[in-house]
Amino acid sequence: MASFIGIDLGTTYSSVSYLDETGRPQIIRNSEGHNLTPSCIEIIGNEVTVGEIARRGYDWDKNVLARFKRDIGTSETYSVDGKEFTPTECSVFVLKKLLQDAKDAIGDVGEAVVTIPANFTNEARVETIKAAKLAKLKVKNIVNEPTAAALYYVFKNGGSMNGCFAVFDLGGGTFDVSLLSIEDGIFEVKATNGHTHLGGEDFDNILVEFCIEEFKKKSKIDIKGNNRSLRRLRTQCEKAKRTLSSAH
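Residues in the sequence shown are numbered from 193 upward in steps of one, following this note's numbering.
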């Protein structure tokens, strides 16, 4: 029997899960053994690489595209080696990898639910569904990301929660706040707002700029033109930011 899957197509990272035989959601590890797949693609000729290898070249490789989720539903295009790619086409490559990783892990895949930012425009929603279908996914539904978070929270707490809840979803590139009413298992979105160009990536950029300026003041050396140094610095800034989840 085909498994039901859920996909979080993120700005910086994406992931895929499935419902196991007990009905519980489980994250599917990708072919590299990780829970999260960087939403980055590297295009060289007709070859497209998705994930961590592409991400390593994000700061300096002109063949690498990322953060395209922010532009989905717009007329924005990206040029690589004389070819133009739309945000929808870039998303298809990521979704294809997620689907393949799911098939490799659990076998036959049935219908899929894809999450999106709550304040996505109608055009962005349409293009996300289009990308999923082009990736050969059988899209059952699209769900707002804060609603998906609330659904899982209720599931973890026995499914008997009632009341009005504020859900903050601060992702890698987008930020949503939603007010949800939950009564007897029925979810109703009362209000939502957010920003499609605000997330962890922006915090990383500010940290990198701060460190560049501090290093320049102390050493009189400007590393802005040094791709290797910038790559190492961005990695360390992101690690430092992540430690705030468990330490000061």
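Even for Gly, the Cβ is constructed at its ideal location relative to N, Cα and C.
Because the structure is a prediction, the values reported are computed rather than measured.
Item to check | Reduced DSSP secondary structure (H/G/I, E/B, other) of I413 | outcome: coil
Checklist entry - Rounded to a whole number of angstroms, what is the C-alpha to C-alpha distance between A341 and S195? => result 21 Å
Checklist entry - Touch check for the segment 355-375 and the segment 321-330: three-plus C-beta pairs under 8 Å? => result no
Item to check | Secondary structure of A324, DSSP reduced to three states | outcome: helix
Checklist entry - Apart from the five residues on each side of it in sequence, which residues of its chain come closer than 7 Å, Cβ to Cβ, to G364? => result Once the five neighbours on either side are set aside, the close Cβ partners of G364 are G202, T203, T204, Y205, G391, G392, E393.
Item to check | Outcome for G243 when other beta-carbon atoms lying within 10 angstroms are tallied against a minimum of 16 | outcome: It is buried - the Cβ of G243 has at least 16 other Cβ atoms within 10 Å.
Next on the checklist: What does the Cβ neighbour count give for K431, buried or exposed, with the cut at 16 atoms within 10 Å?
Outcome noted: Label assigned to K431: exposed.
Next on the checklist: Rounded to whole angstroms, what is the Cα-Cα separation between N418 and T269?
Outcome noted: 27 Å
Item to check | S373 to I334 span [Cα, whole Å] | outcome: Each residue's alpha carbon lies about 19 Å from the other.
Item to check | Other residues of its chain near E276: CB distance less than 6 Å, five sequence neighbours each side excluded | outcome: T269
Item to check | E224 in three-state terms, based on DSSP | outcome: coil
Next on the checklist: Rounded to the nearest angstrom, what separates A246 and L257 at their Cα positions?
Outcome noted: 8 Å
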